[in-house]
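To keep things clear, I will list the structure first and then write my remarks on it.
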Amino acid sequence: GQQLNQSPQSMFIQEGEDVSMNCTSSSIFNTWLWYKQDPGEGPVLLIALYKAGELTSNGRLTAQFGITRKDSFLNISASIPSDVGIYFCAGQLRAENSGTYKYIFGTGTRLKVLA
Amino acid sequence: DSGVTQTPKHLITATGQRVTLRCSPRSGDLSVYWYQQSLDQGLQFLIQYYNGEERAKGNILERFSAQQFPDLHSELNLSSLELGDSALYFCASSVTSGGTDTQYFGPGTRLTVL
Numbered sequence: 120g121q122q123l124n125q126s127p128q129s130m131f132i133q134e135g136e137d138v139s140m141n142c143t144s145s146s147i148f149n150t151w152l153w154y155k156q157d158p159g160e161g162p163v164l165l166i167a168l169y170k171a172g173e174l175t176s177n178g179r180l181t182a183q184f185g186i187t188r189k190d191s192f193l194n195i196s197a198s199i200p201s202d203v204g205i206y207f208c209a210g211q212l213r214a215e216n217s218g219t220y221k222y223i224f225g226t227g228t229r230l231k232v233l234a
Numbered sequence: 006d007s008g009v010t011q012t013p014k015h016l017i018t019a020t021g022q023r024v025t026l027r028c029s030p031r032s033g034d035l036s037v038y039w040y041q042q043s044l045d046q047g048l049q050f051l052i053q054y055y056n057g058e059e060r061a062k063g064n065i066l067e068r069f070s071a072q073q074f075p076d077l078h079s080e081l082n083l084s085s086l087e088l089g090d091s092a093l094y095f096c097a098s099s100v101t102s103g104g105t106d107t108q109y110f111g112p113g114t115r116l117t118v119l
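Below, the structure is given as structure tokens:
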């Protein structure tokens with residue numbers, strides 16, 4: 120089945136540093152989504168990318184939909200302590216038989232920011 | 006606030022028991038997805054409903070079942086509970102618009118099986 124390889128698995132960075140994480144797959148996706156999850160909370164949608172090559176920003180966050188449609192990256196600039204959490208990528212594609220959409224999630228990047 | 010609601014927030018029960026988790030999707034969203042997240046693990050897809058019909062199944066145990074009602078809210082039923090069923094259970098809903106589909110998560114139900 121489809122899998123998403125998300126890296127790095129975890130990161131410890133200093134406040135103010137930039138962060139970069141990415142997801143790759145052998146499958147082609149229609150949409151890439153990036154979520155952040157705080158402990159014990161539901162994942163919150165950060166950025167949605169709908170077109171290959173698309174580069175989208177949301178404040179200090181920037182994400183890109185890879186031109187091959189098989190990868191995506193998320194950058195966080197000038198990290199702050201509240202950026203701590205788990206970041207998940209998700210690839211979305213149309214399900215073969217159901218006519219709806221299915222989502223494949225990466226394993227997450229655990230980010231810790233040292234003040 | 007994503008607009009997806011889940012109840013209860015926390016649930017503590019004993020092995021062998023049965024529980025029901027409830028999810029209300031965002032207004033207008035027809036698809037509901039259920040996920041399980043064990044401690045420090047990723048999101049495991051369980052099952053998806055679209056407008057009342059089951060559309061996809063993931064790694065859902067036979068002891069688990071779900072349904073989506075005419076008002077589009079969904080319930081996940083977990084029976085014969087085991088210690089290993091302790092986890093966060095998330096519901097997500099999505100809407101298709103302009104050829105794109107975006108998924109939003111609820112706050113989750115934390116299930117503890119003692």
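Quick note, the sequences are listed as chains A and B, same order.
FYI, the numbering for the first sequence is 120 to 234, going by our numbering.
FYI, the numbering for the second sequence is 6 to 119, going by our numbering.
C-beta: ideal position from N, C-alpha, C; glycine also.
Under 8 Å between beta-carbons, which chain E residues line up against residue i? List them in chain order, please.
i         : result
Phe-110/B : No chain E is part of this structure, whose protein chains are labelled A and B.
Using DSSP with H/G/I as helix, E/B as strand and the rest coil, what is residue i?
i         : result
Ser-191/A : strand
Gly-89/B  : helix
Ser-29/B  : strand
Ser-129/A : strand
Asp-202/A : helix
Phe-148/A : coil
Ile-166/A : strand
Val-9/B   : coil
Thr-226/A : coil
Leu-77/B  : coil
Arg-23/B  : coil
Asn-64/B  : coil
Gln-46/B  : coil
Alpha carbon to alpha carbon, what distance is there between residue j and residue i?
i         : j         : result
Gln-73/B  : Lys-62/B  : 14 Å
Leu-16/B  : Leu-116/B : 5 Å
Pro-112/B : Thr-10/B  : 7 Å
Met-130/A : Thr-107/B : 27 Å
Thr-25/B  : Ser-198/A : 40 Å
Leu-233/A : Ser-201/A : 10 Å
Tyr-154/A : Gly-47/B  : 12 Å
Lys-67/B  : Ser-84/B  : It is Glu, not Lys, that sits at residue 67/B in the sequence shown. For Glu-67/B and Ser-84/B, the distance between alpha carbons rounds to 9 Å.
Asn-64/B  : Ile-52/B  : 8 Å
Arg-213/A : Lys-170/A : 15 Å
Ala-209/A : Arg-60/B  : 19 Å
Arg-179/A : Asn-194/A : 8 Å
Ala-19/B  : Tyr-94/B  : 17 Å
Please decide whether residue i counts as near chain A, where near means a Cβ-Cβ distance under 8 Å.
i         : result
Ala-98/B  : The sequence shown places Ser at residue 98/B, rather than the Ala named in the question. It does not; no Cβ of chain A falls within 8 Å.
Arg-115/B : yes
Asp-106/B : yes
Ser-102/B : no
Leu-48/B  : yes
With a threshold of 8 Å between beta carbons, is residue i in contact with chain B?
i         : result
Phe-224/A : yes
Ala-182/A : no
Ala-171/A : no
Ala-234/A : no
Ala-197/A : no
Taking Cβ-Cβ distances shorter than 9 Å, what residues in chain B pair up with residue i?
i         : result
Thr-228/A : Under the 9 Å cutoff, chain B gives no residues; its nearest Cβ is about 11 Å from Thr-228/A.
Name the chain A residues whose beta carbon is nearer than 9 Å to that of residue i?
i        : result
Ser-36/B : Thr-219, Tyr-220
In chain B, what lies closer than 8 Å to residue i by C-beta?
i         : result
Phe-207/A : Gly-47, Leu-48
Thr-150/A : Thr-105, Asp-106, Thr-107
Could you name the residues of chain B that residue i contacts, counting a contact when the two beta carbons are closer than 7 Å?
i         : result
Gln-211/A : Asp-106
Point to revise | Near-chain A residues of the segment 53-85 of chain B - C-beta to any C-beta below 8 Å | key: The residues in question are Gln-53, Tyr-55, Arg-60, Ala-61.
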